[in-house]
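Undergrad: Protein chains in written order, with the numbering used here: chain A, 1 to 383; chain B, 384 to 946.
Here a beta-carbon is modelled for each residue, glycine too, at the ideal position from N, C-alpha and C.
Small disclaimer: the values here were computed from a predicted structure and weren't measured.
I'd like to ask you about the structure that follows.
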Amino acid sequence: MRRGSVTLALLILGCAPKPVPSIEPASEACRLFADAPQRLATVTVALPENGVTPIRLDCRGSARPGLATSWSHDASGRTWTITLRDNALGSDGRPLTADRLAASWSERGLVGATGLVDSIIVLDDRRLAVMLGQVGDSVPSILADPAFSVPLAAEQRPAGVKFEQLTGEDPRDALDRGTDILVTQNPAVVEYVAGQPDFVSFNLPWTQTYVLLEPGSGTDSLARALSDSQVQRSLADAARVDARPAEPPFWWSELSACTAHTAAEPQHRSSRVVYPEDDEVARRLAERIVALTPPGTEVRTAALKPAELGVALRNGSEKAYVLAAPRRSLAPCRDASGWPRTASILPLIDTRDFLIVRRGSPPLSVEWDGTIRIDSIRTPGTP
Amino acid sequence: MSFRTRLFLGILAAVLLPLGALAYGVRGEMDRRLTAEYEQRVTSIVANIEADLAALNRTVAGRLGALASELSRDTRFRLAALQSDPGSRQYLLDYAGNAMRLSGLTMLQIQDTAGKILSSGHFRNEFDLVQPALPRLISNESRLVLVRTRTAESPILALVRGDSLRVGGRRYTLVGGVGIESERLAGLSQSKDLSVALMLPEAAPVRTTKSRVLREIAVPYLDLLSSSPAIASSRLVISQSSGALEGLRRSVDRWFLTALAITAVVALLLAAWLSARISSPLRALANKTSEIDLDRLDQDFDSERHDEVGALSRVLAAMTDRLRTGSARLREVERRAAVGDLARQVNHDIKNGLAPIRNVLRHLAQVAEQEPDRLAGVYIERKNTLDSSIEYLDTLARNYARLSPALEHVACDVNAVVERVLRNTSVNGTVLQAKLSDASPRVVGDTLMLRRILENLVGNAADSVAGKAGATVTVTTEAVGGDGGAARVRITVADTGPGMTRKELDQAFDDFYTTKPEGTGLGLSIVRRLILDLTGTLRVETSPGAGTRVIVELPAAADGHAA
Numbered sequence: 001m002r003r004g005s006v007t008l009a010l011l012i013l014g015c016a017p018k019p020v021p022s023i024e025p026a027s028e029a030c031r032l033f034a035d036a037p038q039r040l041a042t043v044t045v046a047l048p049e050n051g052v053t054p055i056r057l058d059c060r061g062s063a064r065p066g067l068a069t070s071w072s073h074d075a076s077g078r079t080w081t082i083t084l085r086d087n088a089l090g091s092d093g094r095p096l097t098a099d100r101l102a103a104s105w106s107e108r109g110l111v112g113a114t115g116l117v118d119s120i121i122v123l124d125d126r127r128l129a130v131m132l133g134q135v136g137d138s139v140p141s142i143l144a145d146p147a148f149s150v151p152l153a154a155e156q157r158p159a160g161v162k163f164e165q166l167t168g169e170d171p172r173d174a175l176d177r178g179t180d181i182l183v184t185q186n187p188a189v190v191e192y193v194a195g196q197p198d199f200v201s202f203n204l205p206w207t208q209t210y211v212l213l214e215p216g217s218g219t220d221s222l223a224r225a226l227s228d229s230q231v232q233r234s235l236a237d238a239a240r241v242d243a244r245p246a247e248p249p250f251w252w253s254e255l256s257a258c259t260a261h262t263a264a265e266p267q268h269r270s271s272r273v274v275y276p277e278d279d280e281v282a283r284r285l286a287e288r289i290v291a292l293t294p295p296g297t298e299v300r301t302a303a304l305k306p307a308e309l310g311v312a313l314r315n316g317s318e319k320a321y322v323l324a325a326p327r328r329s330l331a332p333c334r335d336a337s338g339w340p341r342t343a344s345i346l347p348l349i350d351t352r353d354f355l356i357v358r359r360g361s362p363p364l365s366v367e368w369d370g371t372i373r374i375d376s377i378r379t380p381g382t383p
Numbered sequence: 384m385s386f387r388t389r390l391f392l393g394i395l396a397a398v399l400l401p402l403g404a405l406a407y408g409v410r411g412e413m414d415r416r417l418t419a420e421y422e423q424r425v426t427s428i429v430a431n432i433e434a435d436l437a438a439l440n441r442t443v444a445g446r447l448g449a450l451a452s453e454l455s456r457d458t459r460f461r462l463a464a465l466q467s468d469p470g471s472r473q474y475l476l477d478y479a480g481n482a483m484r485l486s487g488l489t490m491l492q493i494q495d496t497a498g499k500i501l502s503s504g505h506f507r508n509e510f511d512l513v514q515p516a517l518p519r520l521i522s523n524e525s526r527l528v529l530v531r532t533r534t535a536e537s538p539i540l541a542l543v544r545g546d547s548l549r550v551g552g553r554r555y556t557l558v559g560g561v562g563i564e565s566e567r568l569a570g571l572s573q574s575k576d577l578s579v580a581l582m583l584p585e586a587a588p589v590r591t592t593k594s595r596v597l598r599e600i601a602v603p604y605l606d607l608l609s610s611s612p613a614i615a616s617s618r619l620v621i622s623q624s625s626g627a628l629e630g631l632r633r634s635v636d637r638w639f640l641t642a643l644a645i646t647a648v649v650a651l652l653l654a655a656w657l658s659a660r661i662s663s664p665l666r667a668l669a670n671k672t673s674e675i676d677l678d679r680l681d682q683d684f685d686s687e688r689h690d691e692v693g694a695l696s697r698v699l700a701a702m703t704d705r706l707r708t709g710s711a712r713l714r715e716v717e718r719r720a721a722v723g724d725l726a727r728q729v730n731h732d733i734k735n736g737l738a739p740i741r742n743v744l745r746h747l748a749q750v751a752e753q754e755p756d757r758l759a760g761v762y763i764e765r766k767n768t769l770d771s772s773i774e775y776l777d778t779l780a781r782n783y784a785r786l787s788p789a790l791e792h793v794a795c796d797v798n799a800v801v802e803r804v805l806r807n808t809s810v811n812g813t814v815l816q817a818k819l820s821d822a823s824p825r826v827v828g829d830t831l832m833l834r835r836i837l838e839n840l841v842g843n844a845a846d847s848v849a850g851k852a853g854a855t856v857t858v859t860t861e862a863v864g865g866d867g868g869a870a871r872v873r874i875t876v877a878d879t880g881p882g883m884t885r886k887e888l889d890q891a892f893d894d895f896y897t898t899k900p901e902g903t904g905l906g907l908s909i910v911r912r913l914i915l916d917l918t919g920t921l922r923v924e925t926s927p928g929a930g931t932r933v934i935v936e937l938p939a940a941a942d943g944h945a946a
């Protein structure tokens, strides 16, 4: 645990599997408590302003009500009847009814043969039947995927919370000018707030795994140079973030059932290890991988823009790709759809973020995918 | 080669040869001076480069020394390097990068005695790799060494040197330096037409047609990307781009060629104009002279020029006058000889005509004497013979009457003769015009001859326009010359007829040449002779479709000349 940080307080209460469709809205599971009572009436948070999904999964994977208040399945186990809460308003201020929700998902390509659900039937204003592609578990967890989120009206967001974005700004500057809550990968920020009694830092769950995709195989495989455990540990040093050697399970180990296009083997494969241009961790890992190749080899790194990277992944034309993948996936086939199917996948490191919270901020909760939520904010002085 | 061509070529040569010699000389002098200047600059640049390298060596050594001193006192470095403190691990890995940027270097590497890279500035994640060759080979060099090493993205070249420090009894090596990119090399040359290139040991020698190598400076070289690194020798090659000098030469050549071309064109035009101006009057005189013969002495050599061509024209005019006078005399002699011949011919012809008459008369005398009662009958029988003989003689007489009588030399009123001729000319639909001089010009000659000249010319003109609607024949008189020149009277007979070709004109004055069905072919021939007899000139201006102007000039009568 880093100096100055406080141990992540994950209270796992009520996380045991519950009978469907019951939920416990009052559960305190996965909540983060700063070591101080809430005293701030308004907070400025530098977090992504996410919408709401029908179902939420907390950090333990337990279902929580989101846009839906209840859900039940038929005898086949594939068709789920979802009941929406009656006070939901869309971003335009109009009631968020079942038909509007279905239309929104359909427009985004979530419904149909290539989507995440096979079909949707709108039963009434508040109920809709969703047929999944395969028999699910005790909850239709796929509906917790961010792809199914919809933005809510401003008045339905937690009162007293102001969202902002730190585009290129040093997080330390943001904290100094009044930001109360932010998420960062930079250990220097944790070091900065360690000496400030107003702030508490948390290590968030491991939410990302960096992988090396290598379409080609042979004696010059980069994976061979990374097989040594000491070398794998050095990857965490190279990344300059809070990292550990990647730990299983890995959701991509079961991609064989996925249908995906098969690109022709490229006539010429470059000697580059490429990474997304805006991902510093991927860049450092790619550099470490190149450093581990013998001197005189032609392997080198290259940053690619998102569109270029997409094309390169489809063609499998680069020697290797360093990418960040989520630690968990509700839709593995979708999340791996852009990867070359013939590539070997070598997990490199797991990474996690730091949460910086000003003391007196309202309690926060951690979602299944690492998202930070502010459920409500109490007026100071009220119990 | 004609005189005109020789003149033309001479002028061209006189202009172009000096200009070409000037261009050749200037170009050679420019070449010599530029080469000398280049040599001087190259020597200066080589000295500057060597001084720059020495200064760079001192700078890098100073910065590495400062870093080594600072590092030996750095507690976190000591913890990380000696005690492998996890909390100082990232500090150590980032140390070289931060120090490299702060000290203005582009390569910095910290290694332990085994050659393990503890921290790398130019390739941060190269840590823990073992590279013993670099500190071992660099430590013996007091000069900057050119090192080829790598970063994550590409190989780099840097001029580096080494330093060392001791911490906790262990020795650590610092190797640092500055990159040698193309911009730095370009900056060394200090000139656009001189270039400094770095030639690595494996590179081929610089041999291009575009440049020539002036100097080479040896620099130790170490290739860390090779399988067995060792110190070799690279070269900083200073070369002169021939492009700039060649460009200057081409520019000078282009300008000289442009000047030469302009001068050539001007000289060409000038030469053509001058040669034409000088030769064309001579050619005109030659053409006129070639047309002179005894029957055609009416060429006009008058000239207003005061140069040699004018003098030559006047000489030719005087010669033509003398020929004309001689020709007139010769014709007089011929005429007198012809009169003798004619007398003999008349005698012969009359005898021929009188012989039948004599025979008839003898026959009639014989019948009157022997058979008087048959006289009337015989007379009737022989009357036809008499009539034919008489008609023969009559015809003979009329033919001889056409031969010219003796000339009179009196003052003739030209206007009066013209009016009389026009009144007696029979025309059908043709307008006859007289534009007579108010000065009533007079010529020395014979009125009858003048009348015959005009009758022939007007008659011919009237015949040429016969049947043509709106046709005119105009006779003009005017006095010309005088004031230094011989006074003359010009009589012009102009018609609006079909005109003549050059060939027709050449034959028009020949005897028996005619284009008229009933013509004798003697009219213009007689006119020419009559004019020559009067020491006058005859000139014809004609062309097909433009009518004909016959210009006769006769000597004017002096005021005291008897009419």
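1) Quick one, which residues of the stretch 446-475 of chain B are near chain A if we go by CB-CB under 7 Å, in chain order?
2) Below 8 Å, how does it come out for the stretch 911-920 of chain B and the stretch 710-717 of chain B: are there three or more Cβ pairs, yes or no?
3) Got a sec: is the Cβ-Cβ distance from R94 of chain A to anything in chain E below 9 Å?
4) Helix, strand or coil, according to DSSP, for I661 of chain B in the structure here?
5) Taking CB distances under 9 Å as the criterion, tell me whether F639 of chain B reaches chain A.
6) Could you pull out every unbroken alpha helix (DSSP H) segment of at least 4 residues lying fully inside the stretch 227-269 of chain A, listed in chain order?
7) Give the DSSP-derived three-state secondary structure of F148 of chain A in the structure shown.
8) Could you check if V135 of chain A is buried or exposed, using at least 16 other CB atoms within 10 Å of its CB as the buried criterion?
9) Do E861 of chain B and T830 of chain B have their C-beta atoms closer together than 9 Å?
10) Quick check on this structure: which residue in A:Q185, A:L364 and A:I356 has the alpha carbon closest to the alpha carbon of D198 of chain A?
11) For E536 of chain B, which residues in chain A fall below 8 Å Cβ to Cβ?
12) Tell me which residues of the stretch 499-512 of chain B have at least one Cβ-Cβ distance to chain A shorter than 8 Å, keeping chain order.
13) Looking at C-beta atoms only, is the number of pairs between the stretch 518-535 of chain B and the stretch 600-607 of chain B that lie closer than 8 Å three or more?
14) Can you tell me the Cα-Cα spacing of V211 of chain A and L204 of chain A, whole angstroms?
15) For the stretch 260-348 of chain A, list the beta strand (DSSP E) runs that are entirely contained and at least 3 residues long, ordered along the chain.
16) Whole angstroms are fine: how far does the CA of R707 of chain B sit from the CA of K766 of chain B?
17) On the CB-based measure, 16 or more other CB atoms within 10 Å of its CB, does P401 of chain B come out buried or exposed?
18) Taking 9 Å as the cut-off, decide whether the C-beta atoms of R341 of chain A and L255 of chain A are in contact.
19) Closer than 7 Å, Cβ to Cβ, to anything on chain B: give me those residues from the stretch 52-77 of chain A, in chain order.
20) Going by alpha carbons, who is nearest to D350 of chain A out of A:L323, A:R358, A:R359 and A:A336?
21) Determine, using beta carbons only, whether L32 of chain A and V241 of chain A come nearer to each other than 9 Å.
22) Can you name the residues of chain B whose CB is closer than 7 Å to the CB of S234 of chain A?
23) Say whether the stretch 101-114 of chain A touches the stretch 155-169 of chain A, bearing in mind that this needs 3 or more beta-carbon pairs closer than 8 Å, one atom from each stretch.
24) What residues from chain A crowd round L607 of chain B, counting only those whose CB sits closer than 8 Å?
25) Find out if the Cβ-Cβ distance for the pair W251 of chain A, P332 of chain A is shorter than 9 Å.
26) In chain B, what lies closer than 9 Å to E287 of chain A by C-beta?
27) Note down, in chain order, each residue of its chain lying with its Cβ closer than 6 Å to the Cβ of A26 of chain A, except the 5 sequence neighbours on either side.
28) Would you call the stretch 513-526 of chain B and the stretch 457-464 of chain B touching, i.e. three or more CB-CB distances under 8 Å?
29) Does the separation of the CB atoms of I181 of chain A and R373 of chain A fall below 9 Å?
30) Applying the criterion that 16 or more other CB atoms from any shown protein chain within 10 Å of the CB defines a buried residue, is S565 of chain B buried or exposed?
31) Is the Cβ of Q514 of chain B closer than 9 Å to any Cβ of chain A?
32) For the stretch 335-369 of chain A, which residues have a beta carbon sitting closer than 7 Å to at least one beta carbon of chain B?
33) DSSP state of G828 of chain B, grouped into three classes?
34) Given that S610 of chain B touches chain A, what residues does it touch there, using C-beta distances under 9 Å?
35) If we define contact as Cβ-Cβ less than 9 Å, is D477 of chain B a contact residue for chain A?
36) If we cut at 9 Å on Cβ distances, does A291 of chain A have a partner in chain B?
TA: According to the structure shown:
1) R472 and Q473
2) yes
3) Within the model displayed, chain E is absent; protein chains A and B are what it includes.
4) helix
5) Cβ-Cβ to chain A under 9 Å: no for F639 of chain B.
6) 229-239
7) In the three-state DSSP reduction, F148 of chain A falls in the helix class (H, G or I).
8) exposed
9) no
10) A:I356
11) R300, T301 and A302
12) Listed by position along the chain: F506, R507, N508, E509, F510, D511 and L512.
13) yes
14) Straight-line Cα distance between these residues: approximately 20 Å.
15) As far as the stretch 260-348 of chain A is concerned, its whole beta strand (DSSP E) runs of at least 3 residues are 272-276, 300-304 and 320-326.
16) 53 Å
17) exposed
18) yes
19) none
20) A:L323
21) no
22) Within 7 Å Cβ-Cβ: D511.
23) no
24) P295
25) For W251 of chain A and P332 of chain A, yes; Cβs fall inside 9 Å.
26) F506, R507, N508, E509, T534, A535 and E536
27) In this predicted model, A26 of chain A has a pLDDT of only 39, less than 50, meaning its place in the structure is not dependable enough to derive any value.
28) no
29) With a cutoff of 9 Å on beta-carbon distance, I181 of chain A and R373 of chain A are scored as not near each other.
30) exposed
31) Chain A contact via Cβ: present.
32) none
33) Assignment of G828 of chain B by DSSP, reduced to helix, strand and coil, places it in the strand class.
34) Simply P294, P295 and G296.
35) At least one CB atom of chain A sits nearer than 9 Å to the CB of D477 of chain B.
36) Answer yes: the Cβ-Cβ gap between A291 of chain A and chain B drops below 9 Å somewhere.
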